[in-house]
Each structure stands twice: as C-alpha cells, then as structure tokens.
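Participant: The sequence shown begins at 44 in our numbering and counts up one residue at a time. I have a structure here, written as structure tokens, and I will follow up with some questions on it.
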Amino acid sequence: MTAQTLRDLLPTASGRTIVVRSDLNCPLDEGTVTDDGRIRASLPVITQLAEAGAKVIVMAHLGRPNGTVTPEFSLAPVAKRMRELTDIPVTLADDITGPDAQQRAQQLEPRQILLLQNVRFDARETSKNDTERTELAQEIAALAGDHAAYVNDAFGAVHRKHASVYDIATILPSYQGTLVATELHVLNQLILEPKRPYTVVLGGSKVSDKLAVIDNLLDRADTLLIGGGMAYTFLKAQGYDVASSLLEEDQIPVVKDYLARSAAGAAKIVVPVDTVVAEAFSADAAHAVVTVDAMTSGPGGSDALGLDIGPETANIYAEHIAASATVFWNGPMGVFEMENFAAGTRTVAEALSKVNGLSVVGGGDSAAAVRALGFDDEQFGHISTGGGASLEYLEGKALPGIDALAK
Ligand code: ADP
Ligand code: MG
C-alpha cells in the first residue's frame, strides 16, 4: 500500500493533536545552533499543520546521548531557533513523556507547537527490544490523546527502527511528511528507470562504507567515477603502489570483483589517472600532483599520502558528468576540509551544478562540502537530507520508517 501524505491529513487536522517526527539534528557550538538548515527544512510541515488548526507535538533527536539525559544534547537551542523562525508559539518540554510533557500536552492549544525533549534521552527509543520501543511509542501516542495522527518528516532517520520513527507508526494513523515524500520521489528516479547516461560519483573516506551501494549501482548506472580515499583501494587492486594513502587491504578482493563485473558488462568503473600527494595529513603539508603510477615517493622523497584526485582526473570526471542525464554524487573527492586538497571536489561539484538533467548530492559530508565550497543548494537538482538513509535506499534495503507508514 502506498503511504498517505500531508495533503491527505491537512483537511482533517483541525483540533486534533498531530505528532510529527522531524530531523532537527543541527550542529551546535556552545549552546547555539550554527547551521539551522534542518530546522528551516522541517518548519514547513510543522507550521502547515499548526495553521490548519492542529496541536502539534514535535519529536526529534540531537546527537548521540545514548539513552541518558545529557544537558549538552538538550533541544533548548533548537527550540530557541524555532521561535526566531516562526511566529507560532513553541514550547519545549523538560522530558519526553514524563510529567512536564504530559502537562504541556494537556494544555496545548490548536495552532501551538510543543517540542518534546531529545527522544534519545530515553534508552527505549533506540532499543533492540520491541517491547521497550513499543512502550515508549505508546506513551508518546498517549500524550496526543484521542483522534491523534503521526507524521514522519525525518528522512534522515527513516532507516532506523526506532520508537519515534517506526513503532509509533504502527500505533497512530500515519502520514509521510513532505521532506520524506520529496526524498523518495527523487531517489526513486535514481533507481527506477533513470534517464541515461546515468553516472554515479563515489568518494569519501572508506570503500567499506559504500560497498553495498557500489554493488547495487554497478547493475543500474552506466558509469561509476571513483575518488576520495576509496580510490586508493581501487588503484591498489589494479596493481598500483599507493604508498601511505588510505588503503583497506581487506577490501581488495571485493574491489577486484567489482572491476571484473565492470569489465564483464556492468557499469564502467573509472579510477583516477593522477592524484595530489602530500607529505603529511595536514592543511599546510608540502604536496604535488603525480600520475597514479608515480605515487611511491611524495614531495621531498617523503612517503606519499594521496589526499585528492589530480586535475586531469577531475577534468575527466567533469566531462563524464557533463555528458550525463542523471548524476548521483556521494562522498568528497579529497580532503576538501583543507583548501590544498579541495580542488577535485570543487571541480566535480561545479560540473554537477551544470548538469542538464537530474543531479543529486547525497551524504552528510558531501552536502557539507558543496556548501563549504560556496555552492547554493539551488544549483543542484536535490541535496539529500539523509546521508545514511539515502544510501541504504539506493542499496536496495528496506527502510523501516517508510515501510511502517505504508501499512
Ligand atoms: P559522506 O558523508 O558524504 O557520505 P564520507 O563520510 O564517506 O562522505 O567521507 C567524507 C570524508 O572523506 C571527508 O571528511 C574527507 O576529508 C574524507 N576524504 C576524502 N578523500 C580522502 C583521502 N584521499 N584521504 C583521506 N580522507 C579522505
Ligand atoms: Mg560522512
């Protein structure tokens, strides 16, 4: 069954309590939100419900407090930022389903927002024990009283079988939030009949993080462009000496298998022809561009550390991207956090921003990279808000939070 969406819920929302799971996991610095992107992205669903006359209870997590009340992971800074961004009254409960939340939920009026404290302060949220999670979900549903409904708008959490993501959807009538619906719509275009040529750009630090996605996309995409730290395991598998570059020795057999599948007709795998090698892993380390068959010694005879794809590789990748109708990019091409090793990521991002077709950026660090390098979100077809969730969806895995909504 396909899930119902916000559009189905809004006409009947007036006077009801609607529990919304949002992704408000924002970076903080000394108690202040430093990037409010997720709050801004989440507010439309919350405010539309409030404006439709609902009493809105919002659940969210922040950081990894591991089931204990941890003041540094309080949602107070998030509540403060929400108040700055909307005129609708926002109150924050001191607890999740405790006396304070209960009292505030009871006093909640239509067109008001109650944010519960960090759901991960309660160990039952992420428990592997179904009974424990169900118990928490029932307590949350009880806060909302009769005729309540649930909206999941936290795409970044849909791959988790958590109480606020999965179990509550089995208790209350459930709906996809707009963010979730949009993500699925875009990701489905990458899986079901993508427009061709379809190119996937993969980078980041480790191959082992991306094995399942490579596995699945080898049979769906036309070309895989490999960069970032994982490129060195591919190069090593092809017989190159990668010196001190990031290498996952134990993944070489798997990578060899991918290369063999590619040669036998799966997606074409393209690896770097040149690379930027540095003397050390630091922003001001001496560095040089070398071809991949000359990585043995770095600047001044040092042990070379590959920290970015080289300019020729970046141009080759940009040409592949420019010729594509669909591009999915996950994982920076180099250590973009250091300016000397950001050029490869910048060239690829630039090419992606000009794609005549669908361009999708997935992955937390990839999204951070395009923003840090000065690109606007609007320059890309879509920037996925959920790194792990979008990868798991592209791997072909079931997403518990999505499946629960469709039941
Ligand atoms: P995403 O979050 O987009 O999925 P990852 O978490 O897989 O991306 O990887 C991001 C990290 O990979 C960045 O912090 C970047 O510095 C690092 N990285 C990229 N290239 C290299 C490299 N050659 N050596 C070491 N780390 C790298
Ligand atoms: Mg990451």
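Cβ atoms here follow ideal geometry from the backbone N, Cα and C, with glycine treated the same way.
Please go through the same chain and pick out, in chain order, the residues whose beta-carbon is closer than 7 Å to the beta-carbon of VAL214, but skip the five residues on each side of it.
Facilitator: The question names Val, but residue 214 is Ile in the sequence shown. Same-chain partners within the cutoff: ALA180, GLN181 and ALA184.
Participant: Output the distance between the C-alpha atoms of GLY405 and GLY424, rounded to the nearest integer angstrom.
Facilitator: Between the alpha carbons of GLY405 and GLY424 lies a gap of roughly 11 Å.
Participant: Just to confirm the assignment, what range does the beta strand (DSSP E) spanning MET102 have?
Facilitator: 98–102
Participant: Tell me whether VAL244 counts as near the ligand ADP, meaning its Cβ is closer than 7 Å to at least one heavy atom of that ligand.
Facilitator: no
Participant: Measure the alpha-carbon distance for VAL285 versus GLU168 and round it to whole angstroms.
Facilitator: 44 Å
Participant: Nearest CA to the CA of ASP79: which residue from GLN91, ALA95 and LEU105?
Facilitator: Measuring from the Cα of ASP79, the nearest candidate turns out to be LEU105.
Participant: Classify GLU322 as buried or exposed, calling it buried when 16 or more other Cβ atoms lie within 10 Å of its own Cβ.
Facilitator: buried
Participant: Thinking GLY247 and ASP408 are a contact (beta carbons under 8 Å), I'd like their distance in whole angstroms, please.
Facilitator: 7 Å
Participant: Could you tell me if the beta carbon of ASP408 falls within a distance shorter than 7 Å of some heavy atom in the ligand MG?
Facilitator: yes
Participant: Quick check: what's the CA-CA separation for HIS228 versus GLU115?
Facilitator: Going by the C-alpha atoms only, they are around 36 Å apart.
Participant: Given ALA119, which residues of its chain have a CB within under 7 Å of its CB, disregarding the five upstream and five downstream residues?
Facilitator: Here the set comprises LEU135.
Participant: When DSSP labels each residue in this structure, what does ARG126 get in the three-state scheme?
Facilitator: helix
Participant: If I follow the unbroken alpha helix (DSSP H) through LYS279, where does it start and stop?
Facilitator: Where LYS279 is concerned, the enclosing alpha helix (DSSP H) stretches over 274–280.
Participant: Between PRO375 and the ligand ADP, is the CB less than 7 Å from at least one heavy atom?
Facilitator: Distances between the C-beta of PRO375 and the heavy atoms of the ligand ADP include at least one below 7 Å.
Participant: Do the segment 319–333 and the segment 376–392 meet, that is, are 3 or more Cβ pairs less than 8 Å apart?
Facilitator: yes
Participant: Classify GLY188 as buried or exposed, calling it buried when 16 or more other Cβ atoms lie within 10 Å of its own Cβ.
Facilitator: Exposed.
Participant: Write down every uninterrupted run of the beta strand (DSSP E) in the segment 235–306 whose length is 3 residues or greater and which is fully enclosed by it, in chain order.
Facilitator: The beta strand (DSSP E) runs of length 3 or more contained entirely in the segment 235–306 are, from start to end of the chain, 241–245 and 266–269.
Participant: Ends of the beta strand (DSSP E) at GLY349?
Facilitator: 348–352
Participant: Please go through the same chain and pick out, in chain order, the residues whose beta-carbon is closer than 6 Å to the beta-carbon of PRO216, but skip the five residues on each side of it.
Facilitator: ALA192
Participant: With distances taken Cα to Cα, identify the nearest neighbour of ASP72 among SER288, SER117 and ILE295.
Facilitator: SER117
Participant: Any chance the segment 49–60 sits against the segment 84–96, with 3 or more Cβ pairs inside 8 Å?
Facilitator: yes
Participant: Please list, in chain order, all residues of the same chain as VAL378 whose beta carbon is under 6 Å from its beta carbon, the five residues on each side excluded.
Facilitator: LEU350 and PHE384
Participant: Please state the DSSP three-state secondary structure of GLN160.
Facilitator: coil
Participant: Taking the straight line between their C-alpha atoms, what separation do you get for GLY387 and THR225?
Facilitator: 29 Å
Participant: If you drop the 5 nearest sequence neighbours on each side, which residues of the same chain put their C-beta closer than 7 Å to that of VAL335?
Facilitator: LEU278, TYR283, PRO315, VAL316, ASP317 and THR318
Participant: Just to confirm my understanding: we take GLU438, look at its own chain, exclude 5 residues before and 5 after, and list those with CB closer than 7 Å. What are they?
Facilitator: ALA255, VAL256 and ASN259
Participant: What's the gap between the Cα of TYR241 and the Cα of THR266?
Facilitator: 7 Å
Participant: Would you report the Cα separation of SER170 and HIS205, rounded to the nearest angstrom?
Facilitator: 7 Å
Participant: Helix, strand or coil for PHE324 per DSSP?
Facilitator: coil
Participant: Rounded to whole angstroms, what's the CA-CA distance from ALA303 to SER288? Just pull it up for me.
Facilitator: 23 Å
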